[in-house]
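Chains as they are written, first to last, in UniProt numbering: chain A, 1 to 220; chain B, 1 to 220. Ideal Cβ placement from N, Cα and C applies to all residues, glycine included. A quick note: this is a predicted structure, and the numbers were derived from the prediction, not measured. Working notes, beginning with the structure itself.
Listed below in structure tokens is the structure:
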């Protein structure tokens with residue numbers, strides 16, 4: 001097979017590195033990041049980059065300890081645990097400081113039976129399988145509000161505490177409420193785990209993955 | 001290991017099927033889907049579900065032949081080709097009518113060399129490797145504007161035509177322009193391939209995957 005590129009018909013930037021530079025500059029020119037903690041600015045920029053929406057900034061709530069806690073955990077080799085294979089797929093392995101494990105247990109053979117027995121979603125049941133890996137892990141929810149609620153209930157029951165929680169489940173049923181519950185966890189229970197939340201209905205796997213990719217290393 | 005569920009602390013819907021039903025009902029109550037082709041209504045609803053934003057409807061541009069062309073292609077066993085592993089990861093295999101192949105060639109060993117030789121992105125170079133599979137395929141762009149531009153240039157150069165193009169690349173550099181170029185392809189060149197586009201900067205892998213999941217079968 002002899003491959004040749006098609007004739008150039010459109011004018012567009014083809015240099016990947018330049019696309020990143022121009023994208024991040026556009027975001028910084030347009031987005032109001034004043035409410036974002038100083039050390040989380042690159043996290044916010046990368047999340048906006050992933051969704052194409054500068055107004056995401058207004059829905060970001062970031063714990064002041066989020067970046068330092070998540071980054072030092074990853075630099076110590078902590079695993080990333082997530083509720084969705086799409087999130088795991090979106091983590092750029094080359095950015096991980098210690099070739100950290102990235103795990104989604106949704107397809108574990110125990111999950112369907114637990115979900116049935118506990119009358120909950122598979123996404124939530126899978127979170128119970130995180131228990132032995134939770135201590136000091138970086139966890140990310142890019143899909144299921146029930147999974148985030150389930151983790152919060154585990155923490156209230158005394159489960160090991162992760163180093164950071166990326167809370168960006170998406171949707172119309174329970175998403176906003178689960179994220180508010182994460183924000184309220186420390187004030188209500190004293191369990192103070194650094195978090196990042198996109199309030200409201202907005203969220204998703206790309207937001208969770210982009211936050212993880214920004215937390216993985218300081219370099220853009 | 002004896003597993004027990006955590007004590008229920010929050011009030012939330014835990015039945016997965018009910019979450020879908022309630023979500024889709026909320027979307028239909030709130031979103032203005034009047035401009036969406038009748039047979040694409042479920043596609044729009046599922047895309048809104050994936051991003052949590054009812055105003056997505058106003059940015060959807062859907063070719064009147066999109067649903068019939070994509071669905072009959074998939075029912076005939078056509079492959080799905082996509083620019084991003086996250087999109088491939090988001091396709092619910094159980095919904096595919098013929099256990100269709102879902103391919104992303106971004107990690108093909110030929111890609112880095114082609115991208116270098118052609119001075120373009122890896123995402124774009126990988127699209128050239130689709131050539132032998134393009135005829136009648138369903139293709140989906142959930143990430144890279146350069147990849148969509150590259151396919152449009154291949155089509156103008158006489159490449160085999162896919163059955164449908166899901167055009168939801170995301171971002172600040174080239175995304176809006178690449179999607180407008182897809183809309184303009186038929187009027188400008190006579191190459192009339194049914195498409196779905198989210199105009200503007202918004203887009204991403206979840207939108208592409210949710211569109212594919214809705215196209216895969218009529219049943220919600």
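Uninterrupted beta strand (DSSP E) stretches inside the segment 115–151 of chain A (no shorter than 3 residues): 138–141
Unbroken alpha helix (DSSP H) run spanning residue 4 of chain B, endpoints: Premise fails: residue 4 of chain B is in no alpha helix (DSSP H) and is neither H nor E.
Within chain B, the residues that residue 220 of chain A reaches when beta carbons sit closer than 7 angstroms: The premise fails here: residue 220 of chain A is roughly 14 angstroms from chain B at the closest Cβ pair, so nothing lies under 7 angstroms.
Proximity of residue 160 of chain A and residue 135 of chain A at Cβ, strictly below 8 angstroms: yes
N-terminal and C-terminal residue of the alpha helix (DSSP H) that residue 90 of chain B is part of: 85–90
Minimum C-alpha distance to residue 216 of chain A - residue among A:77, A:20, A:14 and A:31: A:77
Pair within 8 angstroms by beta-carbon distance, residue 83 of chain B and residue 144 of chain B: yes
N- and C-terminal bounds of the beta strand (DSSP E) containing residue 21 of chain B: No beta strand (DSSP E) holds residue 21 of chain B; the alpha helix (DSSP H) holding it covers 16–30.
Opposing strand residues paired with residue 103 of chain A [DSSP bridges]: A:81
Contact set between residue 202 of chain A and chain B, taken where Cβ atoms lie within less than 8 angstroms: 51, 52 and 53
Secondary structure of residue 45 of chain A, DSSP reduced to three states: helix
As assigned by DSSP and simplified to three states, the class of residue 173 of chain A: coil
Coarse secondary structure for residue 211 of chain B, derived from DSSP in three states: helix
Contact set for residue 149 of chain B: own chain, Cβ-Cβ below 6 angstroms, skip 5 residues either direction: 178
Residues near residue 213 of chain A in its chain [Cβ-Cβ closer than 8 angstroms; skip 5 each side]: 46, 90, 91, 92 and 95
Cβ-based contacts, 8 angstroms cut-off: residues of the segment 150–177 of chain B near chain A: 150, 152, 153, 154, 156, 157, 159, 170, 171, 172, 173, 174, 175 and 177
Residue interval of the alpha helix (DSSP H) (run including residue 193 of chain A): First-last for residue 193 of chain A: undefined, no H or E at that position.
Reference residue 192 of chain A; option with closest CA among A:209, A:14 and A:164: A:164
Members of the segment 184–209 of chain A near chain B, C-beta cut-off 8 angstroms: 200, 201, 202, 203, 204, 205, 206 and 209
Three-state class that DSSP yields for residue 159 of chain B in the structure shown: coil
Closer than 9 angstroms at the beta carbon, the chain A residues around residue 130 of chain B: The contacting residues do not exist; residue 130 of chain B stays about 11 angstroms from chain A at best.
Sheet register partners of residue 60 of chain A (DSSP bridge): A:198
Cutoff 8 angstroms: residue 116 of chain A Cβ touching any chain B Cβ: no
Beta-carbon proximity of residue 80 of chain B to residue 108 of chain B, cut-off 8 angstroms: no
Interface residues of chain A facing residue 124 of chain B [CB-CB closer than 8 angstroms]: 14
Top-ranked residue by Cα proximity to residue 210 of chain A, from B:31, B:86 and B:6: B:86
Nearest-angstrom beta carbon gap, residue 140 of chain A and residue 127 of chain A [assumed within contact, 8 angstroms]: So it is not a contact: roughly 12 angstroms between Cβ atoms.
Which of helix, strand or coil DSSP assigns to residue 164 of chain A: strand
Status (buried if at least 16 other CB within 10 Å, exposed otherwise) for residue 71 of chain B: buried
Enclosing alpha helix (DSSP H) for residue 76 of chain B [first to last residue]: Per DSSP, residue 76 of chain B belongs to no alpha helix (DSSP H) and is neither H nor E.
DSSP-derived helix/strand/coil call for residue 108 of chain B: coil
Alpha carbon of residue 19 of chain B to alpha carbon of residue 24 of chain A, nearest angstrom: 36 angstroms
DSSP three-state assignment for residue 97 of chain A, whether helix, strand or coil: coil
CB contact below 8 angstroms: residue 85 of chain A versus chain B: yes
CA nearest to the CA of residue 168 of chain A, picked from B:6, B:151 and B:52: B:52
Own chain residues within Cβ distance below 8 angstroms of residue 196 of chain A, not counting five before or after: 40, 43, 60, 61, 62, 63, 66, 164, 165, 166, 167, 168 and 211
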